[in-house]
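Counting from 0, one number per residue, gives the positions in the sequence shown under numbering that gives the first Met the number 0.
Ideal Cβ positions, reconstructed from N, Cα and C, are used throughout, including at glycine.
Nothing here was measured: the structure is a model prediction, and the numbers come from that model.
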Amino acid sequence: MFPWFAFGHLTPYYLHLSNELAQRGHKISFLLPKKVQIQWEPTNLHPDLITFYPLTVPHVEGLPLGTETTSDIPILLTTHLGTAMDLTRDLVETLLRKLKPNFVLFDTAHWIPELASKIRFMKIMFYSAVSAVTVAIQLVPAHKVFEDMTLMEAEMAKPPPGYPSSTVVLRRHEALAPPVISFEFGLGITLHGRFTTSMKECDAISIRTCQQIEGQFCDYIGSQYGKPVFLTGPVLHEVMKMERQLEDRWARWLEWFEPNSVVFCAFESQLILEKDQFKELVLGF
């Protein structure tokens, strides 16, 4: 397992999928930043089958010292973390040669298929924790929109040719929003380039979703890339059973409220709401 250095990617790979596969008897080698290993040791439900291999994330100019994940930095610095991940390439290759896994699951490190091609009997799977519809509408070869940032709003909102839905599409405000996947994400590559290269060069694609919910989008992705697509489902049940002690600061804060009166809203680690957005969320207008 070698996911992007963000908890929104690390968590589905490790806490969810790795524990599920280990429960079924599979041996897992997980490559992750050193600080994350320290935090996650207590959540390893199968320490006899899941082994952590901590990576030293190289320092890159523009990043604060000690940066290892996206939670350490504002979103504008993410491109430098992409560069730092790419600088782990030699270490990752050394580990792959040593471990000789049957399968490698990855997402953002687009150079993994090239590394694996040097090592025999190793299959490469792109694993997406992002919804299938997001991949289908933005990250398929038929969609050329992100190669030209001068396209009009109407063009931005058009789904790619063959897209299987006329209702699950980008709305006007979504089409107007700057497409983050088109921003530079490391040296000489965009996030869009990382994902599409990974899916073109892998052996198979896997998505954290269900056939009943996003089957038509998964079939579309498979036809676009000419790859088999495997669905893992939510793989959440083991995590839901885990009992963890609530931090004292949150326990004390919750004591101020009546039972069932607090609503928890979770956003990605780098999303910071503007004041008017936060007000709308809290007040409803």
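Are there three or more Cβ pairs, one per stretch, closer than 8 Å when the segment 216–228 is compared with the segment 160–169?
Look at the beta carbons and you see the segment 216–228 touching the segment 160–169: at least three pairs across the two are nearer than 8 Å.
Check whether C201 and M124 have beta carbons under 8 Å apart:
yes
According to DSSP, simplified to helix, strand and coil, what is P112?
helix
Taking the Cβ atom as the reference point for each residue, do L76 and L54 lie within a distance shorter than 8 Å?
no
I need the DSSP call for P159, collapsed to helix, strand or coil.
coil
Spatial neighbours of E67 within its chain, please: C-beta separation below 6 Å, excluding the five flanking residues on both sides.
P32, K34, V56
Among F216, S197, I49, which has the Cα closest to the Cα of Y126?
S197
Using the three-state DSSP reduction, which class does M0 fall into: helix, strand or coil?
DSSP, read as helix, strand or coil, puts M0 in coil.
Give the DSSP-derived three-state secondary structure of P11 in the structure shown.
P11 falls in the helix class under three-state DSSP.
Give a yes or no on whether the C-beta atoms belonging to L14 and T42 are separated by under 8 Å.
yes
According to DSSP, is F125 helix, strand or coil?
strand
Alpha carbon to alpha carbon, how far is R23 from G232?
When only Cα atoms are considered, R23 and G232 end up about 15 Å apart.
Between T107 and the rest of its own chain, which residues show a CB-CB distance below 6 Å, the 5 nearest in sequence each way excluded?
W3, R193
May I ask which residues mark the beginning and end of the alpha helix (DSSP H) holding V35?
From DSSP, the alpha helix (DSSP H) with V35 extends over 33–39.
Give the secondary structure of F263 by DSSP, where H, G and I count as helix, E and B as strand, and everything else as coil.
coil
Between T78 and F1, is the Cβ-Cβ spacing less than 8 Å?
no
Spatial neighbours of M121 within its chain, please: C-beta separation below 6 Å, excluding the five flanking residues on both sides.
A115
Would you kindly work out how many angstroms separate the C-alpha atoms of M239 and L230, rounded to a whole number?
Only weak support exists for where M239 lies, its pLDDT of 47 falling under 50; the value from the coordinates is given anyway. If I take the Cα positions, the gap works out to 20 Å.
Distance, Cα to Cα, V103 vs Q215?
26 Å
Just to confirm the assignment: which complete alpha helix (DSSP H) runs, minimum length 4, are found wholly within the segment 56–82?
none
Quick check on the burial criterion: 16 or more other C-beta atoms within 10 angstroms. Buried or exposed for L62?
buried
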